[in-house]
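Undergrad: I have a structure here, written as structure tokens, and I will follow up with some questions on it.
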Amino acid sequence: MVDTKVELCGITLDNPVIPASGTFGYGYEFAELYDINCLGSFSFKGTTLEARFGNDTPRIAECPSGMLNAVGLQNPGVDDVIKEELPKLSRVFSKPVMANVSGFSADEYSEVIKRLENSSCSDMIGWYEVNVSCPNVHGGGMSFGTDPESAASVVRAARWVSDKPIIIKLSPNVSDITEIAKACETEGADGISLINTMLGMRIDLKSSKPLLANTTGGLSGPAVLPVALRMVYQVYETVDIPVVGMGGVSSAEDVIEMMMAGATAVEVGAANLVDPYASKKIVEKLPAVMEKYGIERLPDIIGAAHR
Amino acid sequence: MKQGIYKVIENKALTATTYRMRLSGDISGISAPGQFINIQLDGHFLRRPISICDAHLESSDAGTAQGVITIIYKVLGQGTEEMTRYPIGRELDVLVGLGNGYDLSEAGEAPLLIGGGVGIPPLYLTAKALLKAGIKPTVILGFNSEDEVYYTDEFTSLGCEVITATADGSVGIKGFVTDAFRASEGTYTHFYTCGPLPMLKAVYEEVYENSGIPGQMSFEERMGCGFGACMGCSIKVKNGYKRVCKDGPVFRTEEIVW
């Protein structure tokens, strides 16, 4: 009998499988398909202070072994999430959820977290996953996640308003991700999750125009798995706080590989969009794959590739 | 929605670029005409969403869900081009019964079905369901030219009155579906439509705004998942935004924003 439990920032997960933000909504619609309590947790749709419609369509383009998306953080805004979405989730999910938050200024991040903390839904939240890939409106529109000091400023803003674990979700579109991870750890982040999508584009041959209305979009899917593994490996070497790995994970084998690179828990993203049961299937297959590789306890293999 | 493995039992060309595929498997995921299926193709990351043209059970025995789904697809890119070569017996991973579909309770006694090109298929199951309820719809089908015409006979065989329009006048009325609507003499209670965006807009103006007939319009959008998770296909409606794949693809004329 293998043990799939892991501990992420002091909270025990039955297994390390966490559907990634933006691929699982606020959970309750997937609960119509299966009991989502089989998951370790899930990270809910990136939530901002105000409601956002997002970008024009087309927002999606297919790629070899993956997809581009330029949804543009469509979400109903934090107040509506508290009033409408999380109460629906509470009826179908009894585990701590990962609250994914976004902002366009450090103040906005702290305000979103503050409202969640002060709401009746606060108890549902286990961790904050803070997405620093958004453009900083006070910093010339450059993404918070591309500069160590900007990323650290978001950690500072978040740290101030919540005692819950703060996990910073990093962008891979940088020259040295370890520098940014280190800056976040120094500022008091409790964990690092990576990678967000990689910037890409496609062009329609018939019109000779970019396929996405937004011109560029984020690449996800199996195409990015090796990049994600490399970055998780590098960040694990650099920081002492737990790393949540994601990027192209589509199978229980990928989960194990990501953990060997250094991940304590593993998020599953684009795979959920191709197969709505993907995360459930990964959870179910994990014990057999562990047995196959002689793994009794998952914590034993975290960072195994470094040893 | 149901996920399952479906077997190809027919895959044949109706015109140079339009194919009909029949799939055998569980049809219990289908709850209304106007829904779609999402097919996983080998070597392609995203599924291909295609509207349901017809669905029926293999036997009338109680408790069986085994049936046949008919889809009609147009070759638009590499994925659909590869689909044309799928042989009989090929097994496909398919999500069945996606989207809301048409609400037939509002049809009234004289509904109008308006289809253009590759938007015609979902109206076939709609016509069948209306006829089963004792309502005889009038059907307007629009094509570019004679070589693209398909399924007019099938609608006629069901027992519908069918008006055909072609842009070049090679078959039926010369012009668009809206020209055919103007030429028809019926009085209609409601309309159901599916077709390319410019056609939908013209139908909205002519049938809803100018003639005051309310209706339901099926939209198309590039999708990621097809079941509401990714927000890839959101459109603006009067009261906010909706996902074409999950809240649609059918929207009421009253809520549409152009």
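So the protein lines, in turn, are chains Y and X.
Residues in the first sequence are numbered consecutively from 1, following the numbering used here.
Residues in the second sequence are numbered consecutively from 1001, following the numbering used here.
All C-beta atoms, glycine included, are put in the ideal place defined by N, C-alpha and C.
Can you tell me the Cα-Cα spacing of I166(Y) and A20(Y), whole angstroms?
TA: Those two C-alpha atoms are separated by around 16 Å.
Undergrad: Between E1081(X) and chain Y, is the shortest Cβ-Cβ distance under 8 Å, so that the two count as touching?
TA: no
Undergrad: To which residues of the same chain is S162(Y) closer than 7 Å at the C-beta, ignoring the five residues directly before and after it?
TA: I113, E117 and Y128
Undergrad: May I ask you to list the residues that DSSP assigns as paired with E85(Y)?
TA: Looking at the DSSP assignment, E85(Y) forms no beta bridge with any residue, so it has no partner.
Undergrad: For Y109(Y), go through chain X and note every residue whose CB falls closer than 8 Å to its CB, in chain order.
TA: Those do not exist, as Y109(Y) stays about 21 Å from chain X at its closest Cβ, beyond 8 Å.
Undergrad: CA-CA distance, G46(Y) and V1177(X)?
TA: 43 Å
Undergrad: Below 8 Å between beta carbons is the criterion; list the residues of the stretch 1042-1062 of chain X that meet it against any residue of chain Y, in chain order.
TA: H1044, F1045, L1046 and R1047
Undergrad: Write down the C-beta distance between L1131(X) and L1158(X) rounded to the nearest angstrom, noting that I regard them as a contact closer than 8 Å.
TA: Your pair L1131(X) and L1158(X) checks out as a contact, with CB atoms roughly 6 Å apart and the cut at 8 Å.
Undergrad: Please work out which residues of its chain come closer than 6 Å, Cβ to Cβ, to A271(Y), disregarding the five sequence neighbours upstream and downstream, and give them in chain order.
TA: S250 and A278
Undergrad: Compare the C-beta of F1219(X) against all C-beta atoms of chain Y and say whether one is closer than 8 Å.
TA: Chain Y, which has no Cβ nearer than 8 Å to the Cβ of F1219(X), makes this no.
Undergrad: Along the chain, where does the beta strand (DSSP E) containing G1097(X) start, and where does it finish?
TA: E1091 to L1098
Undergrad: Taking only beta-carbon positions, decide if F1155(X) is within less than 8 Å of chain Y.
TA: By this cut-off, F1155(X) is not an interface position.
Undergrad: At a CB distance below 9 Å, what residues from the stretch 220-243 of chain Y approach chain X? Give them in sequence order.
TA: Cβ proximity to chain X below 9 Å picks out G221, P222 and A223 from the stretch 220-243 of chain Y.
Undergrad: DSSP three-state label for R202(Y), please.
TA: coil
Undergrad: Could you check the C-alpha separation between K1007(X) and S1024(X) for me, to the nearest Å?
TA: If you take the alpha carbons of K1007(X) and S1024(X), they lie about 5 Å apart.
Undergrad: Rounding to the nearest angstrom, what Cα-Cα distance links R59(Y) and L212(Y) in this structure?
TA: 6 Å
Undergrad: Taking the straight line between their C-alpha atoms, what separation do you get for T4(Y) and L286(Y)?
TA: When the Cα atoms are used, T4(Y) and L286(Y) turn out to be separated by approximately 8 Å.
Undergrad: Can you name the residues of chain Y whose CB is closer than 7 Å to the CB of F1227(X)?
TA: P276
Undergrad: Are the Cβ atoms of G247(Y) and A265(Y) separated by less than 8 Å?
TA: Not a contact, by the Cβ cut-off of 8 Å.
Undergrad: Quick check on A3(Y): does DSSP put it in helix, strand or coil?
TA: Checking the sequence shown, residue 3(Y) turns out to be Asp, not Ala. Collapsing the DSSP output to three states places D3(Y) in a strand.
Undergrad: Alpha helix (DSSP H) containing R115(Y): first to last residue?
TA: A106 to E117
Undergrad: Tell me which residue opens and which closes the alpha helix (DSSP H) that M259(Y) is part of.
TA: From DSSP, the alpha helix (DSSP H) with M259(Y) extends over A252 to A261.
Undergrad: Please classify A158(Y) as buried or exposed, where buried requires at least 16 neighbouring CB atoms within 10 angstroms.
TA: buried
Undergrad: Are the beta-carbon atoms of P276(Y) and F44(Y) separated by less than 8 Å?
TA: no
Undergrad: For the ligand COA, any of its heavy atoms closer than 7 Å to the Cβ of G1077(X)?
TA: In the structure on display, the ligand COA does not appear, and there are no ligands present to speak of.
Undergrad: What does N15(Y) reach in chain X if we use C-beta pairs closer than 9 Å?
TA: By Cβ distance, chain X contributes nothing, its closest Cβ being about 21 Å from N15(Y), past 9 Å.
Undergrad: Express the C-alpha separation of S208(Y) and I36(Y) in angstroms, rounding to a whole number.
TA: Taking the straight line joining both Cα atoms gives about 43 Å.
Undergrad: Thinking just about the alpha-carbon of each residue, which of L1141(X), T1152(X), P1249(X) and A1062(X) is nearest to the one in G1175(X)?
TA: L1141(X)
Undergrad: Using 8 Å as the Cβ pair cut-off and three pairs as the minimum, do the stretch 1186-1199 of chain X and the stretch 1210-1229 of chain X touch?
TA: yes
Undergrad: Which first and last residues belong to the alpha helix (DSSP H) in which A288(Y) is found?
TA: Annotation: the continuous alpha helix (DSSP H) that includes A288(Y) extends over A278 to K292.
Undergrad: List, in order along the chain, the chain Y residues whose C-beta lies closer than 8 Å to that of Q1003(X)?
TA: D275, P276 and Y277
Undergrad: At 8 Å on the CB atoms, spell out the chain X contacts of I195(Y), in chain order.
TA: The premise fails here: I195(Y) is roughly 18 Å from chain X at the closest Cβ pair, so nothing lies under 8 Å.
Undergrad: Hey, P96(Y) and I11(Y): beta-carbon distance below 8 Å or not?
TA: yes
Undergrad: Between which residues of its own chain and M231(Y) is the CB-CB distance below 7 Å, once the five residues before and five after are set aside?
TA: P172, I177, L194 and I195
Undergrad: Quick one: is K1236(X) near chain Y, going by C-beta distance under 8 Å?
TA: yes
Undergrad: Who are the Cβ neighbours of Q74(Y) in its own chain at under 7 Å, not counting the five residues just before and after it?
TA: R52, F53 and G54
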